[in-house]
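A short worksheet on the structure shown next.
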Amino acid sequence: MTRTDAPPAGGPTRAMWRAAHTPVAGVPRWARITAYAVPFTVLPSGLWRLPIVFDGGVGVGERAYVVLLSIVSELVAFTAVGLVAAWGERFPRWVPGLRGRGIPRLFVIVPAALGAVVLTTVWTITFVTHFAGATLRGEPIPSAFPTEAGGWEAAAFYVCYLPLLLWGPLLGVTAYAYHRRRRNR
5 MTRTDAPPAG
15 GPTRAMWRAA
25 HTPVAGVPRW
35 ARITAYAVPF
45 TVLPSGLWRL
55 PIVFDGGVGV
65 GERAYVVLLS
75 IVSELVAFTA
85 VGLVAAWGER
95 FPRWVPGLRG
105 RGIPRLFVIV
115 PAALGAVVLT
125 TVWTITFVTH
135 FAGATLRGEP
145 IPSAFPTEAG
155 GWEAAAFYVC
165 YLPLLLWGPL
175 LGVTAYAYHR
185 RRRNR
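For the sequence shown, our numbering assigns the number 5 to the initial residue and increments by one for each residue that follows.
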C-alpha cells in the first residue's frame with residue numbers, strides 16, 4: 005500500500021472528526037471560535053436535564069423526551085459548525101442526486117439568520133419573564149422550580165441555562181461571517 009492509500013491516522017472516527025470540524029479556506033479565526041462556541045452554549049442545559057432521567061418518579065415518556073430534547077438541541081447547535089466547515093458549502097457524497105454540488109448560500113443563510121433571531125428572542129423573553137418572577141404563560145414561578153429553592157440548586161440552574169442567551173447572537177455572528185465569505189460565489 006502506498007502512502008496515499010493509507011487510512012488517515014486514527015481511523016475512520018478521526019477522519020469524520022476532521023471532516024466535520026476542519027474550517028474551509030477564508031474563514032476568519034473569530035468565526036471559527038463563534039461557530040465552535042455554539043454547541044458549548046447548549047451543552048450545560050442538556051447535562052443539567054439528564055439527571056431527571058434517573059428520577060424514580062418520572063415516567064418512560066418523560067425520560068425519553070428529556071434525552072431526545074438534549075440530543076436534538078445539541079445536534080441543532082452543532083449545525084453552526086457547518087457555517088465554517090466544508091459540509092456547510094457542499095452536499096455530502098451520500099446525498100443522492102446532489103453529491104458534491106455546492107449548497108446555495110441562501111439555503112444556509114436564511115435558516116441560520118432566522119434561527120439566530122428566534123433563539124435570541126425566545127431565550128431573552130424566557131429570562132426576562134423568569135427574572136420578573138413569572139413563567140412564559142404569565143403565571144407565578146412554581147415553588148418547586150430550582151431557582152425558587154435558592155442556594156446551590158439555583159446557582160447550578162443559572163450556570164447551566166444562562167449560556168443559552170448566547171446561542172442566538174453567536175449563531176447570528178457566524179451566519180454573518182458565512183454570508184460575507186460566500187457572497188460572491
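We treat Cβ as the ideally placed atom computed from N, Cα and C, and that holds for glycine.
- The beta carbon of A179 lies closer than 7 Å to those of L87, I113, A116, A117, A120 in the same chain, with the five residues before and after it left out.
- DSSP places P150 in the helix class (H, G or I) of the three-state scheme.
- Restricting attention to A89, L174, R141, the CA atom closest to the CA of V42 is found in L174.
- By the neighbour-count criterion, in which a residue is buried when 16 or more other Cβ atoms sit within 10 angstroms of its Cβ, R185 is buried.
- In the DSSP assignment, V28 falls outside any alpha helix (DSSP H) and carries neither an H nor an E.
- For G60, no alpha helix (DSSP H) segment is defined, and its DSSP state is neither H nor E.
- Under a 10 Å Cβ-count criterion, G65 is classified as exposed, with fewer than 16 other Cβ atoms of the shown protein chains found around its own Cβ.
- By a beta-carbon distance limit of 8 Å, L102 contacts F95. Their separation comes to about 4 Å.
- Relative to the Cα of P108, the nearest Cα in the group P167, S147, H183, W171 belongs to H183.
- The residues T45, P48, in chain order, have a CB closer than 7 Å to that of P167 in the same chain once the five nearest residues on each side in sequence are set aside.
- Residues R103, G104 of the same chain have their beta carbon placed closer than 8 Å to that of R97, with the five preceding and five following residues left out of the count.
- The residues P144, I145, in chain order, have a CB closer than 8 Å to that of G137 in the same chain once the five nearest residues on each side in sequence are set aside.
- Secondary structure note for R109: its alpha helix (DSSP H) is the uninterrupted segment 109-135.
- Here DSSP, grouped into helix, strand and coil, assigns G106 to strand.
- In the three-state reduction of the DSSP assignment, P144 falls in the strand class, which pools E and B.
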